[in-house]
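Novice:
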Amino acid sequence: MRNLMIVLQVLGGFTLVPWFIIAGLSFMVFDTPKSIRKLFPWIILLTIFSYPFVLAASYWRAWSSVSIGNYTTGCLWSCLPIIVFAMGYLLINQQTDLLNRYKKN
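Read in our numbering, the sequence shown has 764 at position 65, and its numbers run on one by one without any break.
1. Contact defined as beta carbons within less than 8 Å: I believe residue 707 pairs with residue 764. What is the distance between those atoms, to the nearest angstrom?
2. According to DSSP, is residue 733 helix, strand or coil?
3. Return helix, strand or coil for residue 769, following the three-state DSSP convention.
4. Is it the case that the segment 706-724 contacts the segment 779-791, given that we only count it when at least three CB pairs across the two stretches are under 8 Å?
5. State yes or no: is the C-beta of residue 715 within less than 8 Å of the C-beta of residue 728?
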């Protein structure tokens with residue numbers, strides 16, 4: 700179980716690579732001057748930048764569970780960043796029609 704948890708955490712660590720790209724591009728929500736005064740762009744920005752904290756907190760909780768001897772809970776906590784990343788990917792994928800544009804060509 701410990702090996703599975705380490706593999707899950709390495710896979711979760713690889714999700715930081717696309718996160719860096721999204722985090723760098725996330726400031727484009729402030730392209731229009733009026734968007735700085737609106738609440739929704741700030742919520743999007745804070746949600747994107749909270750992902751590393753979710754990653755760190757879930758891994759800390761996973762190893763805390765392992766230290767008490769509960770390996771199953773540790774593996775479940777290690778899956779949390781992968782699940783959050785997959786949900787974010789699906790939401791972004793549903794909101795964009797990028798794939799549909801390439802299918803037409």
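We put the CB at the ideal spot given by N, CA and C, even for glycine. Since the structure is predicted, the reported quantities are computational estimates derived from the model, not experimental observations.
Specialist: Looking at the atomic coordinates:
1. Between residue 764 and residue 707 the Cβ distance is about 13 Å, and since that is not below 8 Å, they are no contact.
2. helix
3. coil
4. yes
5. no
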